[in-house]
Amino acid sequence: MNLDRLKALFPVLVVLLLTTSIPFDASAGGADDGKKLAFDRKKGNCLACHQMADGASPGNIGPPLVSIKARFPDQAKLRAQVSDATVANPESIMPAFGKYHALSDAEIDAIVSFLYTL
Numbered sequence: 557m558n559l560d561r562l563k564a565l566f567p568v569l570v571v572l573l574l575t576t577s578i579p580f581d582a583s584a585g586g587a588d589d590g591k592k593l594a595f596d597r598k599k600g601n602c603l604a605c606h607q608m609a610d611g612a613s614p615g616n617i618g619p620p621l622v623s624i625k626a627r628f629p630d631q632a633k634l635r636a637q638v639s640d641a642t643v644a645n646p647e648s649i650m651p652a653f654g655k656y657h658a659l660s661d662a663e664i665d666a667i668v669s670f671l672y673t674l
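Residue numbering for the sequence shown follows the working numbering, starting at 557 and increasing by one per position.
Written out as structure tokens, the structure reads:
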């Protein structure tokens with residue numbers, strides 16, 4: 557393979573590496589922390605809009621959070637959705653938790669770990 561061809565393929569390889577699914581830790585600690593954040597009315601507050609297991613007084617603005625692995629087999633896409641849903645859907649009313657730093661990267665990762673248990 558010549559150098560010019562390799563240079564031409566480099567951007568494609570970078571995009572593939574950046575968009576490849578990154579496994580998140582779905583361990584009990586990460587998922588437990590994520591559940592606390594998701595249910596916390598001052599943090600994730602997912603229950604304000606979504607119905608999910610064990611959630612008291614859920615809202616119904618957003619879809620029920622069930623069968624998450626089937627709906628988001630790529631965890632990176634789920635993470636992107638939690639971080640800033642307006643990237644995929646500019647009309648989304650879901651808060652951009654990551655974009656506006658309402659949640660840290662670690663908190664978003666924990667919520668994704670929890671959601672993956674649903």
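Positions of the beta carbon are idealized from the N, C-alpha and C atoms, including for glycine.
Checklist entry - With a CB to CB cut of under 6 angstroms and the five nearest residues on each side skipped, what residues in its chain are close to Ser613? => result For the purposes of this step, residue 613 is taken as residue 57 along the sequence shown, with counting starting at 1. Around Ser613: no qualifying Cβ.
Checklist entry - What first and last residue would you give for the alpha helix (DSSP H) that runs through Gln637? => result As a working note, residue 637 is residue 81 in the sequence shown. Its alpha helix (DSSP H) spans residues 631 to 639.
Checklist entry - Does the segment 653 to 671 come within contact of the segment 626 to 642, defined as at least 3 CB pairs closer than 8 angstroms? => result yes
Next on the checklist: Tell me the rounded alpha-carbon separation between Lys592 and Gly611.
Outcome noted: Here residue 592 corresponds to residue number 36 of the sequence shown, with the count starting at 1. Here residue 611 corresponds to residue number 55 of the sequence shown, with the count starting at 1. Approximately 11 angstroms, taken between the alpha carbons.
Checklist entry - Quick one: is the Cβ of Asn645 within less than 7 angstroms of any heavy atom of the ligand ADP? => result By its list of ligands, the structure shown contains no ligand whatsoever, and the ligand ADP lies outside what it can speak to.
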